[in-house]
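Anchor point for the sequence shown: position 187 equals 188 in the numbering used here, and the numbering is continuous, going up by one each time. C-beta atoms are modelled at their ideal positions from N, C-alpha and C, and glycine is treated no differently. One structure below.
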Amino acid sequence: MSKNSQRSSIPTSHTLWSPSDTVKDAAESLGIFNLNEEAAKNLAMDIEYRIHEILDQASKFMRHGKRRTLHTSDIDRALKVLNLEPLYGYDVSRPLVFKEALVGAGQNLYYVDDDEVDFEKLINEPLPKVPRFSTFTAHWLAIEGVQPAIPQNPSPNDIKNILPINRGSMENMFSLINDEVKEDTNEEFTSTGPSVSSNISNQKQGLEVKPLVKHVLSRELQLYFDKIVEVLLNQEETKEAELLRNSALQSVRADPGLHQLVPYFIQFISETITKNLKNISLLSTMLELIYSLLMNESLFLEPYVHAIIPCILTLLLAKKIGNVDDELQKQQQLALRELSASLLERVIEDFGSSYSTLKPRITRTLLRAFVSVNNTTPGTQYGALLGLRGLGSEVIRIVVLGNVINWSSTFLEKLQQEDQVFLIDTLIETLRVLTKEGKLVKDMKTENGIDNERLKQRVGDLIADRIQACDDAQDIYWGIFFGEV
Numbered sequence: 002m003s004k005n006s007q008r009s010s011i012p013t014s015h016t017l018w019s020p021s022d023t024v025k026d027a028a029e030s031l032g033i034f035n036l037n038e039e040a041a042k043n044l045a046m047d048i049e050y051r052i053h054e055i056l057d058q059a060s061k062f063m064r065h066g067k068r069r070t071l072h073t074s075d076i077d078r079a080l081k082v083l084n085l086e087p088l089y090g091y092d093v094s095r096p097l098v099f100k101e102a103l104v105g106a107g108q109n110l111y112y113v114d115d116d117e118v119d120f121e122k123l124i125n126e127p128l129p130k131v132p133r134f135s136t137f138t139a140h141w142l143a144i145e146g147v148q149p150a151i152p153q154n155p156s157p158n159d160i161k162n163i164l165p166i167n168r169g170s171m172e173n174m175f176s177l178i179n180d181e182v183k184e185d186t187n188e189e190f191t192s193t194g195p196s197v198s199s200n201i202s203n204q205k206q207g208l209e210v211k212p213l214v215k216h217v218l219s220r221e222l223q224l225y226f227d228k229i230v231e232v233l234l235n236q237e238e239t240k241e242a243e244l245l246r247n248s249a250l251q252s253v254r255a256d257p258g259l260h261q262l263v264p265y266f267i268q269f270i271s272e273t274i275t276k277n278l279k280n281i282s283l284l285s286t287m288l289e290l291i292y293s294l295l296m297n298e299s300l301f302l303e304p305y306v307h308a309i310i311p312c313i314l315t316l317l318l319a320k321k322i323g324n325v326d327d328e329l330q331k332q333q334q335l336a337l338r339e340l341s342a343s344l345l346e347r348v349i350e351d352f353g354s355s356y357s358t359l360k361p362r363i364t365r366t367l368l369r370a371f372v373s374v375n376n377t378t379p380g381t382q383y384g385a386l387l388g389l390r391g392l393g394s395e396v397i398r399i400v401v402l403g404n405v406i407n408w409s410s411t412f413l414e415k416l417q418q419e420d421q422v423f424l425i426d427t428l429i430e431t432l433r434v435l436t437k438e439g440k441l442v443k444d445m446k447t448e449n450g451i452d453n454e455r456l457k458q459r460v461g462d463l464i465a466d467r468i469q470a471c472d473d474a475q476d477i478y479w480g481i482f483f484g485e486v
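Listed below in structure tokens is the structure:
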């Protein structure tokens, strides 16, 4: 057989790792001499994929290290990230000294020179101390958020001596950042948190506790953030203050260089909403700030979605917002809940595809608010209906219609007539989302009448009577019974 025919019999490689050479040589070294060609090709392709994966992870460590040269330490870290067994061999921290040896005519062998060990010195050295055995113990760090009074946990007196910022509270976070700005003329500062002296035991021992994470901000970004916060917190009803607020929100909406300030803005929004539930004007400003962040196309907000959602849901489902006895503020808090619902719908639309569990989790939260008839308010029910309305017809059909009878009998009938009419109208407006499907059903029916008894069995007497008084009652009726015989 000629050499050309031998070469043609070797299958074409689909990878840089030749199945006929590299893989088969490795297989023969393990005692496998009859490796199938298809198996060799698949193994070669898998080897190349794994190596590409390791190199891709290692290159990320190289880029984060701001280097252009790939180090062996990057490979080690990549193996740890991919949960692979580390490479065992020489310590890369020591320079390797290679020596040359002749093993034959014209054949050179290079080897690593090992250190010479003096056995007499090694024998006469004292033995090292025996290491202590590893022991483990367990204790309750906290039970439902409360630390038990046991020796392993700090005592309540020690905890009281620690400032709120050091024991996990975000109190005065932004004002304390300013205290850390260095007084020299450097262009950057590191916001590592406040270094406040206290009487805790660690400081008595002369230990300095430093935060684990450092966030470097330029002085310009810090001044920008302080100015935005100052303008937004100023709720004066003057034309100049309103103009400044609009300019600040427009800047957040359009400025492309605010990536590092996103966590600070979200933290500021969360704290402001938590502490100012009676200030409707300030709460509206916070929602406008969330909208500005969402509208900024240069910001990557996906990692912060789960921090934004609680801020929106708080204003959508809060029991009391503002002064409920003031008629003007009552209307304002309804408008605030409507704005929250529109923002919630926008967040689901933008990030629902990235987080598959986002919409189900929000649906469960709104469902709990809708069916929790004890210790709830009409405002909370109004917000829950607004939120469910923005989730689409499928959610309305399953969640709202599935619980409307129980909701009507246990909550709606106990309200005053004014609140009853208000919530029934809100529910009907939510059910109008189903009219598009209802029109399709109505066009296929020869009889367009409404079965009043059937409707009352589905939604209750109060809601059924209110639906029949609507001009589009038939569309709503067939939308409710869409897909049913």
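Roughly how many angstroms lie between the CA atoms of residue i and residue j, to the nearest whole one?
i	j	result
residue 282	residue 431	27 Å
residue 258	residue 292	17 Å
residue 103	residue 118	24 Å
residue 251	residue 329	28 Å
residue 359	residue 367	12 Å
residue 169	residue 457	With a pLDDT of only 49 at residue 169, under the threshold of 50, the placement of this residue in the model should not be trusted; the figure read from the coordinates follows. Cα to Cα, residue 169 sits roughly 53 Å from residue 457.
residue 406	residue 60	59 Å
residue 54	residue 342	43 Å
residue 159	residue 399	52 Å
residue 353	residue 34	53 Å
residue 355	residue 302	11 Å
residue 140	residue 156	15 Å
residue 414	residue 321	21 Å
residue 123	residue 30	38 Å
residue 64	residue 115	35 Å
residue 143	residue 238	46 Å
residue 466	residue 424	14 Å
residue 349	residue 401	19 Å
residue 378	residue 429	19 Å
residue 28	residue 132	42 Å
residue 421	residue 460	14 Å
residue 44	residue 36	11 Å
residue 396	residue 418	28 Å
residue 373	residue 361	18 Å
residue 49	residue 145	49 Å
residue 195	residue 67	Because residue 195 sits at a pLDDT of 36, beneath the cut-off of 50, its placement in the model cannot be relied upon, and the following sentence gives the value as read from the coordinates. Taking the straight line from one Cα to the other gives about 29 Å.
Can you tell which of the options has its C-alpha closest to the C-alpha of residue i?
i	options	result
residue 437	163, 483, 459 and 259	483
residue 290	226, 351, 332 and 322	226
residue 472	433, 421 and 460	433
residue 220	256, 231 and 261	261
residue 1	228, 237 and 240	Summary: the structure shown does not reach residue 1, with the chain confined to residues 2 through 486, and so no result is reported for it.
residue 263	304, 62 and 365	304
residue 306	338, 377, 351 and 24	351
residue 391	363, 370 and 375	363
residue 72	56, 85 and 47	56
residue 309	299, 327 and 268	268
residue 58	373, 77 and 478	77
residue 299	276, 256 and 375	256
Looking at residue i: is its Cβ nearer than 8 Å to the Cβ of residue j?
i	j	result
residue 394	residue 464	no
residue 345	residue 388	yes
residue 435	residue 403	no
residue 233	residue 286	yes
residue 113	residue 134	no
residue 316	residue 294	no
residue 41	residue 25	yes
residue 296	residue 254	yes
residue 427	residue 386	yes
residue 101	residue 109	yes
Tell me which same chain residues have a C-beta within less than 7 Å of the C-beta of residue i, skipping the five on either side of it?
i	result
residue 242	235
residue 323	279, 281, 330, 333 and 334
residue 153	140
Report all residues from its chain with a CB closer than 8 Å to the CB of residue i; omit the five preceding and five following residues, and keep chain order.
i	result
residue 319	278, 380, 381 and 384
residue 469	451, 453 and 456
residue 70	63
residue 288	313, 316, 337, 340, 341 and 344
residue 82	58
Can you find the residues in the same chain that come closer than 6 Å, C-beta to C-beta, to residue i, ignoring five residues on each side of it along the sequence?
i	result
residue 312	270, 271 and 274
residue 88	none
residue 80	87
Is residue i near the ligand NAP, with its Cβ less than 7 Å from a heavy atom?
i	result
residue 335	What this structure holds is no ligand at all, so the ligand NAP is not there to describe.
(message) Which runs of the alpha helix (DSSP H) at least 4 residues long sit entirely within the stretch 92-162? Give them in chain order.
(response) For the alpha helix (DSSP H) assignment, the uninterrupted runs of no fewer than 4 residues enclosed by the stretch 92-162 are, from N- to C-terminal side, 120-125 and 157-162.
(request) For the stretch 45-96, list the alpha helix (DSSP H) runs that are entirely contained and at least 4 residues long, ordered along the chain. (result) Segments of the alpha helix (DSSP H) lying fully in the stretch 45-96: 73-82.
(message) Which complete alpha helix (DSSP H) runs does the stretch 216-301 hold, if anything under 4 residues is left out?
(response) 220-234, 240-255, 263-276 and 281-296
(request) Only counting runs of 4 or more residues, tell me where the alpha helix (DSSP H) segments fall wholly within the stretch 309-364, in order along the chain. (result) 328-352
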